[in-house]
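**Student:** Residue numbers (the numbering used here): 20 to 357. Structure below; questions to follow.
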Amino acid sequence: VFARSVTSEFGQLVSIYRDSRIERELDISVHRWSANSAILYHDSILFAGGSILDGYELWRTVGTQDGVFLVMDIRPNDVPAGAPAEIRSSFPADFVLLGDEVIFTAAAPHSAARNIWLTAGTEISTKMLTRFSFEQTETPQSVAVTQDGRAAVIPTVQHVFFFTNTDGSGAWDGQLWVSNGTIAGTNWIKDFLPAAGATSAKVPLTVVVDNQLYLIVPSAENEQTYELWVSDGTSTGTNWLFTFESDTSPSLVATAENIYFAFNQNGQGHFSYYRPETDRLRELALPSGFEPIQELVALNNKIYFANRVDGQSSLVFLADITMDNLYNFQFRYPREQD
Numbered sequence: 020v021f022a023r024s025v026t027s028e029f030g031q032l033v034s035i036y037r038d039s040r041i042e043r044e045l046d047i048s049v050h051r052w053s054a055n056s057a058i059l060y061h062d063s064i065l066f067a068g069g070s071i072l073d074g075y076e077l078w079r080t081v082g083t084q085d086g087v088f089l090v091m092d093i094r095p096n097d098v099p100a101g102a103p104a105e106i107r108s109s110f111p112a113d114f115v116l117l118g119d120e121v122i123f124t125a126a127a128p129h130s131a132a133r134n135i136w137l138t139a140g141t142e143i144s145t146k147m148l149t150r151f152s153f154e155q156t157e158t159p160q161s162v163a164v165t166q167d168g169r170a171a172v173i174p175t176v177q178h179v180f181f182f183t184n185t186d187g188s189g190a191w192d193g194q195l196w197v198s199n200g201t202i203a204g205t206n207w208i209k210d211f212l213p214a215a216g217a218t219s220a221k222v223p224l225t226v227v228v229d230n231q232l233y234l235i236v237p238s239a240e241n242e243q244t245y246e247l248w249v250s251d252g253t254s255t256g257t258n259w260l261f262t263f264e265s266d267t268s269p270s271l272v273a274t275a276e277n278i279y280f281a282f283n284q285n286g287q288g289h290f291s292y293y294r295p296e297t298d299r300l301r302e303l304a305l306p307s308g309f310e311p312i313q314e315l316v317a318l319n320n321k322i323y324f325a326n327r328v329d330g331q332s333s334l335v336f337l338a339d340i341t342m343d344n345l346y347n348f349q350f351r352y353p354r355e356q357d
């Protein structure tokens, strides 16, 4: 099953059956089809479908023309005729498997604020876990979004972590929440920006190692100060590890055993790692002249990043760091065919 784009916002759902090359258009359109707008769940696909007239809600398909079903009309069409789809739609997205159920984000029944929902693929099993902006409070909340527009929802083996915002722009309000898929188990953990009305355009960077969430959050003190934290999903198990300053946004990745983060000070790249098993935090001495590191990528227990060495662009990768083998730089200078 795939979607053929019609506009930048909407597309047509299409299926190809097994080895056949025959395309079958399913009688439904989809909203912003991407990696986080649908999920394979048992023998069907959950997705945001509908139409501009009826709105976009939670649907399910088995890939056949007669196998497309509305799971739940989350935001009923109790709006004036001709109202745009944005008003009459819940726009489900950010689907994440949690055990044998699916957590996703969608608008509340009578509010545009995004909330955390849970479903097992039927209407009776679909329920809202949070009530952000459902009741008119002084500081309505919604699920925050990252810079690429995805909801800040991070799955672990037992929990889903998520961040919220209060100003409607997607900016982070400093709140970290967690859910185990139940209303009682959906709880606030910590406020990283405790000042009244404080928000940040920088949603935390996150990685998961050994079922714990590691996150780099912007400090409440100033825009160039960041903090590394760890959380096991409880308030008492959410602890500060390290504070550092960076002229640009830092980068955070993880391998099977270590957490790595890069930051920049006065035009010089810096690189540190934290090993949870030994609770050791160490900064690596990068060669002089290393320009600011823009982004780290973890692959097969190695860390890759692009940089300039001796005035030439190169691809740099570090072997997985241990206390015995502090670092192992290897440089590959781009060739014309690269």
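Glycine included, every Cβ here is placed at the ideal spot set by N, Cα and C.
Applying the 10 Å Cβ sphere with the 16-neighbour rule, what's the burial state of residue 149?
**Tutor:** Locating residue 149 in the sequence shown gives position 130, counting from the first residue. The residue in question, residue 149, is buried, as its Cβ has 16 or more Cβ neighbours within 10 Å.
**Student:** At which residue ranges does the stretch 64-148 contain complete alpha helix (DSSP H) runs of 4 or more residues, listed in the order of the chain?
**Tutor:** As far as the stretch 64-148 is concerned, its whole alpha helix (DSSP H) runs of at least 4 residues are 104-107.
**Student:** Leaving aside the five residues before and after residue 190 along the sequence, list all residues of the same chain whose C-beta is less than 6 Å from its C-beta, in chain order.
**Tutor:** In the sequence shown, counting from the first residue as 1, residue 190 sits at position 171. The answer, listed in chain order, is 184, 218 and 220.
**Student:** Note down the Cα distance separating residue 84 from residue 298, rounded to an integer number of angstroms.
**Tutor:** Within the sequence shown, the letter at position 65 stands for residue 84. Within the sequence shown, the letter at position 279 stands for residue 298. Cα to Cα, residue 84 sits roughly 55 Å from residue 298.
**Student:** Is the stretch 106-119 touching the stretch 70-77, taking contact as three or more C-beta pairs under 8 Å?
**Tutor:** yes
**Student:** Would you say residue 73 faces chain D, with C-beta separation under 7 Å as the test?
**Tutor:** The chain inventory of the structure shown lacks chain D, comprising one protein chain alone.
**Student:** Are the beta-carbon atoms belonging to residue 210 and residue 194 less than 7 Å from one another?
**Tutor:** Taking the sequence shown and counting its residues from 1, the one referred to as residue 210 is at position 191. Taking the sequence shown and counting its residues from 1, the one referred to as residue 194 is at position 175. Result yes, Cβ atoms of residue 210 and residue 194 sit closer than 7 Å.
**Student:** Measure the alpha-carbon distance for residue 272 versus residue 124 and round it to whole angstroms.
**Tutor:** Counting from one through the sequence shown, the residue named residue 272 turns up at place 253. Counting from one through the sequence shown, the residue named residue 124 turns up at place 105. Looking at the two C-alpha atoms, the distance is approximately 25 Å.
**Student:** Can you give me the Cβ contacts of residue 52 inside the same chain, cut-off strictly under 6 Å, excluding the 5 residues immediately before and after it?
**Tutor:** Along the sequence shown, one-based indexing puts residue 52 at 33. Excluding positions up to five away in sequence, the list reads 22 and 30.
**Student:** With distances taken between CB atoms, is the gap from residue 179 to residue 115 smaller than 7 Å?
**Tutor:** By 1-based counting over the sequence shown, the position of residue 179 is 160. By 1-based counting over the sequence shown, the position of residue 115 is 96. Contact flag set, yes.
**Student:** So residue 302 and residue 289 are in contact, right, with Cβ under 8 Å, and what is the actual spacing, rounded?
**Tutor:** Here residue 302 refers to the residue found at position 283 of the sequence shown. Here residue 289 refers to the residue found at position 270 of the sequence shown. Indeed, because the Cβ distance is near 6 Å, the residues count as touching under 8 Å.
**Student:** Taking the runs of the beta strand (DSSP E) that are 3 residues or longer, which of them lie wholly in the stretch 178-205?
**Tutor:** Under the rule that a run must span 3 or more residues, the beta strand (DSSP E) segments found entirely inside the stretch 178-205 read 179-184 and 194-198.
**Student:** Does the Cβ of residue 281 have 16 or more other Cβ atoms within 10 Å, making it buried, or fewer, making it exposed?
**Tutor:** If you number the sequence shown from 1, residue 281 lands on position 262. Looking at its Cβ environment, which holds 16 or more other Cβ atoms inside 10 Å, residue 281 is buried.
**Student:** So, under 8 Å CB-CB, residue 87 and residue 46 are touching, yes? Tell me the CB distance rounded to an integer number of Å.
**Tutor:** Counting from 1 along the sequence shown, the entry for residue 87 is found at position 68. Counting from 1 along the sequence shown, the entry for residue 46 is found at position 27. Between residue 46 and residue 87 the Cβ distance is about 7 Å, and since that is below 8 Å, they are a contact.
**Student:** Look at residue 254 and residue 202 and say whether their C-beta atoms are less than 7 Å apart.
**Tutor:** Translated into the one-based positions of the sequence shown, residue 254 becomes position 235. Translated into the one-based positions of the sequence shown, residue 202 becomes position 183. In this structure, residue 202 does not lie closer than 7 Å to residue 254 by Cβ.
**Student:** Nearest-angstrom Cα distance between residue 132 and residue 318?
**Tutor:** As a working note, residue 132 is residue 113 in the sequence shown. As a working note, residue 318 is residue 299 in the sequence shown. For residue 132 and residue 318, the distance between alpha carbons rounds to 36 Å.
**Student:** To the nearest angstrom, how far is the alpha carbon of residue 259 from that of residue 44?
**Tutor:** Position 240 of the sequence shown holds residue 259. Position 25 of the sequence shown holds residue 44. So the two alpha carbons sit approximately 52 Å from each other.
**Student:** Apart from the five residues on each side of it in sequence, which residues of its chain come closer than 6 Å, Cβ to Cβ, to residue 122?
**Tutor:** One-based indexing of the sequence shown puts residue 122 at position 103. The residues are 115, 137 and 179.
**Student:** Tell whether a beta-carbon distance below 7 Å holds between residue 274 and residue 326.
**Tutor:** Here residue 274 corresponds to residue number 255 of the sequence shown, with the count starting at 1. Here residue 326 corresponds to residue number 307 of the sequence shown, with the count starting at 1. No, they are not a contact pair.
**Student:** As an exercise, report each continuous beta strand (DSSP E) stretch of at least 3 residues that is fully enclosed by the stretch 285-325, in chain order.
**Tutor:** Here the runs fully enclosed are 287-294, 299-303 and 316-318.
**Student:** So, with DSSP's three-state summary, where would you put residue 50?
**Tutor:** For this step, residue 50 is matched to residue 31 along the sequence shown. Of the three classes helix, strand and coil, the one that applies to residue 50 here is strand, per DSSP.
**Student:** If we ignore side chains and look at the alpha-carbon of each, how far apart do residue 140 and residue 265 end up?
**Tutor:** Start at 1 with the first residue of the sequence shown, and residue 140 comes out as number 121. Start at 1 with the first residue of the sequence shown, and residue 265 comes out as number 246. Rounded to whole angstroms, residue 140 and residue 265 show a C-alpha spacing of 45 Å.
**Student:** Mapping the DSSP letters down to three states, classify residue 271 as helix, strand or coil.
**Tutor:** Taking the sequence shown and counting its residues from 1, one reaches residue 271 at position 252. Three-state DSSP puts residue 271 in a strand.
**Student:** Just to confirm, is the Cβ distance from residue 79 to residue 56 under 7 Å?
**Tutor:** If you number the sequence shown from 1, residue 79 lands on position 60. If you number the sequence shown from 1, residue 56 lands on position 37. Not in contact: residue 79 and residue 56 (Cβ atoms no closer than 7 Å).
**Student:** Are there 16 or more other CB atoms within 10 angstroms of the CB of residue 245, so buried, or fewer, so exposed?
**Tutor:** Against the sequence shown, residue 245 aligns to sequence position 226. Here residue 245 is buried, its C-beta having at least 16 other C-beta atoms within 10 Å.
**Student:** DSSP three-state call for residue 283: helix, strand or coil?
**Tutor:** For the purposes of this step, residue 283 is taken as residue 264 along the sequence shown, with counting starting at 1. In the structure shown, residue 283 sits in a strand (DSSP, three-state: E or B).
**Student:** Excluding the five sequence neighbours on either side, which residues of its own chain have a C-beta within less than 6 Å of the C-beta of residue 129, listed in chain order?
**Tutor:** Position 110 of the sequence shown, counted from the start, is the residue given in the question as residue 129. Excluding sequence neighbours, residue 129 sits near nothing in its chain.
**Student:** Measure the alpha-carbon distance for residue 267 versus residue 312 and round it to whole angstroms.
**Tutor:** As a first step, residue 267 is located in the sequence shown; it is residue number 248 there, counting from the start. As a first step, residue 312 is located in the sequence shown; it is residue number 293 there, counting from the start. Cα to Cα, residue 267 sits roughly 9 Å from residue 312.
**Student:** Applying the 10 Å Cβ sphere with the 16-neighbour rule, what's the burial state of residue 262?
**Tutor:** In the sequence shown, residue 262 corresponds to position 243, counting from 1. With fewer than 16 Cβ atoms within 10 Å of its Cβ, residue 262 is classed as exposed.
**Student:** Using only the alpha-carbon positions, how far apart do residue 34 and residue 294 sit?
**Tutor:** As a first step, residue 34 must be located in the sequence shown, where it is residue number 15. As a first step, residue 294 must be located in the sequence shown, where it is residue number 275. One C-alpha to the other measures close to 46 Å.
**Student:** Under the three-state reduction of DSSP, which class applies to residue 249: helix, strand or coil?
**Tutor:** The residue given as residue 249 occupies position 230 in the sequence shown. In the structure shown, residue 249 sits in a strand (DSSP, three-state: E or B).
**Student:** Look at residue 222 and residue 142 and say whether their C-beta atoms are less than 7 Å apart.
**Tutor:** Counting from 1 along the sequence shown, the entry for residue 222 is found at position 203. Counting from 1 along the sequence shown, the entry for residue 142 is found at position 123. The answer is no: Cβ separation not under 7 Å.
**Student:** Quick check on DSSP: helix, strand or coil for residue 221?
**Tutor:** For this step, residue 221 is matched to residue 202 along the sequence shown. Looking at residue 221 - three-state DSSP - the assignment turns out to be coil, as it is neither helix nor strand.
**Student:** Among 151, 81 and 175, whose alpha-carbon lies nearest the alpha-carbon of residue 60?
**Tutor:** Your numbering for residue 60 matches position 41 in the sequence shown. Here the closest residue by C-alpha is 81.
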